[in-house]
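**Q** Would you mind keeping the following structure in view while I ask a few things?
Residue numbers (mature numbering (1 follows the signal peptide of the UniProt record, and there is no 0)): -27 to -1, 1 to 249.
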């Protein structure tokens, strides 16, 4: 896996990937649902890297992370077809799904805006944005409790462009400068180098970063909460409801049995091991 920090270069939260692959001639239409996927002989999963949700080995190209694992298991255990991961970016992960370039988008926040454009599975894991910063940064007021407390003219907030963090935080910021960066690596490095004062990121990935940088990194779970949502799979809006139900039943079972929690822990340990 890529090592985005070794201090950040030492803990791997890997870079967002390249452009989506073209639609293959054998792919079925979304309206065909899982029958079309089975006829095509593979389940195509659109993947934008964001550890521990989705990770990609830069040498072998192999995917890991708990959402990649879930996608692979659904394809192999339920549909009896192999999984093909299609590289994409967070800016393109919804548009590519709409264009039929893949069958599932991995690790999408279930937002109302996205739900107007695509369909969603039930959430596999919960989600909340926290605000990470250097505890010695004099721009961060003591006792800060909200995003508004950090929203000052001299503060710079880093987000990964096109992500739910970008779309959730940016409209709330009135005074601070928003810096949109193409990857989680660059966003974290911006805070490490103090080119940015605050990183808006999911609470679990911020906890990973803090584990590798305990000497200076802290985060704030703001009140009111920002983007307290679930994270699931995205599907084309034309996908049959009964087929989405099949995916939901699969997710429900994996969550209820503790399997998703075990996959999350495995992915977290993989990321931490890469930083040692």
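We put the CB at the ideal spot given by N, CA and C, even for glycine. Computed from a predicted model, the values in this text were never measured in an experiment.
Quick check on DSSP: helix, strand or coil for residue -3?
**A** Any reading at residue -3 must be qualified, since the residue scores a pLDDT of 34, below 50, and its modelled position is unreliable; no value is offered.
**Q** Can you list, in chain order, the residues of its chain whose CB lies under 7 Å from that of residue 38, leaving out five sequence neighbours each side?
**A** 24, 25, 26, 27, 28, 240
**Q** Which residues share a DSSP beta bridge with residue 203?
**A** 99
**Q** Would residue 131 pass as a contact of residue 169 if the rule is Cβ separation under 9 Å?
**A** yes
**Q** Touching or not, the region 134 to 154 and the region 215 to 227, by the rule of three or more beta carbon pairs under 8 Å?
**A** no
**Q** What is the residue span of the beta strand (DSSP E) that residue 19 lies within?
**A** 16 to 20
**Q** By a C-beta neighbour count over all protein chains shown, 10 Å radius and 16 as the cutoff for buried, is residue 247 buried or exposed?
**A** buried
**Q** Since residue 87 contacts residue 205 with CB under 8 Å, what's their CB separation in whole angstroms?
**A** 11 Å between Cβ atoms; not a contact.
**Q** For residue 124 versus residue 146, is the C-beta spacing smaller than 9 Å?
**A** Residue 146 is positioned such that its CB atom lies closer than 9 Å to that of residue 124.
**Q** When the Cα atoms are used, what is the spatial distance from residue -7 to residue 97?
**A** Unreliable positioning characterises residue -7 in this predicted model, as indicated by a pLDDT of 36, which lies under 50. The coordinate reading is nonetheless provided below. If you take the alpha carbons of residue -7 and residue 97, they lie about 26 Å apart.
**Q** Would you list, in sequence order, the uninterrupted alpha helix (DSSP H) runs of no fewer than 4 residues that lie entirely inside the region 116 to 142?
**A** Runs of the alpha helix (DSSP H) inside the region 116 to 142: 120 to 123, 137 to 142.
**Q** Out of 179, 207, 216, point me to the one whose CA is closest to residue 51's CA.
**A** 216
**Q** Using the DSSP secondary-structure output, state which residues sit across from residue 87 in a beta bridge.
**A** Residue 87 is not bridged to any residue.
**Q** Rounded to a whole number of angstroms, what is the C-alpha to C-alpha distance between residue 4 and residue 209?
**A** 9 Å
**Q** Any idea if residue 61 is buried or exposed, counting beta-carbon neighbours within 10 angstroms, 16 or more meaning buried?
**A** buried
**Q** With H, G and I counted as helix, E and B as strand and the rest as coil, what does DSSP make of residue 169?
**A** coil
**Q** So residue 78 is in the beta strand (DSSP E); what residue range does that whole segment cover?
**A** 77 to 82
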